[in-house]
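Novice:
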Amino acid sequence: MKLYIPCTKPDAAGPQVPVMVQDGFSWRVLFFGWFGLLTYGAWISALLAAATTMVALHVFMGFWSRLDLIVAIHAVLASFTAEIRLWEQRLNGRITGTPIAAPSRDIALLRWMDQQHYAAPYGNTSPEFPCASS
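In the numbering used here, the protein residues as written are 158 to 291.
1. Name the DSSP bridge partner or partners of Tyr197?
2. Under 8 Å, do Tyr161 and Ala259 count as touching if we go by C-beta distance?
3. Mind checking who Gln179 pairs with in its DSSP beta bridge?
4. Closest to Glu245 by C-alpha separation, out of Leu204, Phe217, Gly190, would be which residue?
5. Count the other CB atoms within 10 Å of the CB of Val176; is the residue buried (16 or more) or exposed (fewer)?
6. So, at 6 Å on beta carbons, what are the nonlocal neighbours of Trp191 in its own chain, with the 5 sequence-adjacent residues on each side left out?
7. Is it buried or exposed, Ser291, if we count other Cβ atoms within 10 angstroms and call 16 or more buried?
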């Protein structure tokens, strides 16, 4: 089981699909570093990490002599990917919800949708989708 944290926009009209942030270590960010954060859509933090990496490489003169520094930056980014993504979502005006335990992102999304309560635009009806009886 993994934990997924839903991030929703409070001012969105009607039902919306949240951004599901998986809690835990990110192998993609470990291998690709700040570029891995870009693939998650965390533009601000990815570009800040890229600038930090390039400044550190310039200060310590050279790529191969400071490969251990690059590996350390990638390991820190990979360890804190969930927190970085949640920070990015809060910067974008989203609100984090209660963590949902699920084996996959799709099942976490289904569990999140099951917890939602929307007011019907036309009177009191059942929350189920209309279907034909057999």
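Just so it is clear, CB atoms sit at the ideal spot from N, CA and C, and this is done for glycine as well. Given the structure is predicted, the values throughout are model-derived calculations rather than measurements.
Specialist: The answer reads as follows:
1. The residue labelled residue 197 in the question sits at position 40 within the sequence shown. According to DSSP, Tyr197 bridges with nothing at all.
2. The count along the sequence shown starts at 1 and reaches residue 161 at position 4. The count along the sequence shown starts at 1 and reaches residue 259 at position 102. Yes; because the gap between Cβ atoms is below 8 Å, this pair is in contact.
3. Against the sequence shown, residue 179 aligns to sequence position 22. Note: Gln179 sits in a beta bridge opposite Tyr161.
4. As a working note, residue 245 is residue 88 in the sequence shown. When each option's Cα is compared against that of Glu245, the closest is Leu204.
5. Position 19 of the sequence shown, counted from the first residue, corresponds to residue 176. Per the 10 Å Cβ criterion, buried.
6. As a position in the sequence shown, residue 191 is number 34, starting the count at 1. Exclusion of the five residues before and after Trp191 leaves Ala203, Ala206, Ala207 as the residues of its chain whose Cβ lies within less than 6 Å of its Cβ.
7. Locating residue 291 in the sequence shown gives position 134, where the first residue counts as 1. Confidence is the limiting factor: at Ser291 the pLDDT is only 48, short of 50, which leaves the residue's position unreliable, though a coordinate-based value still follows. Around the C-beta of Ser291, fewer than 16 other C-beta atoms lie within 10 Å, and the residue is accordingly described as exposed.
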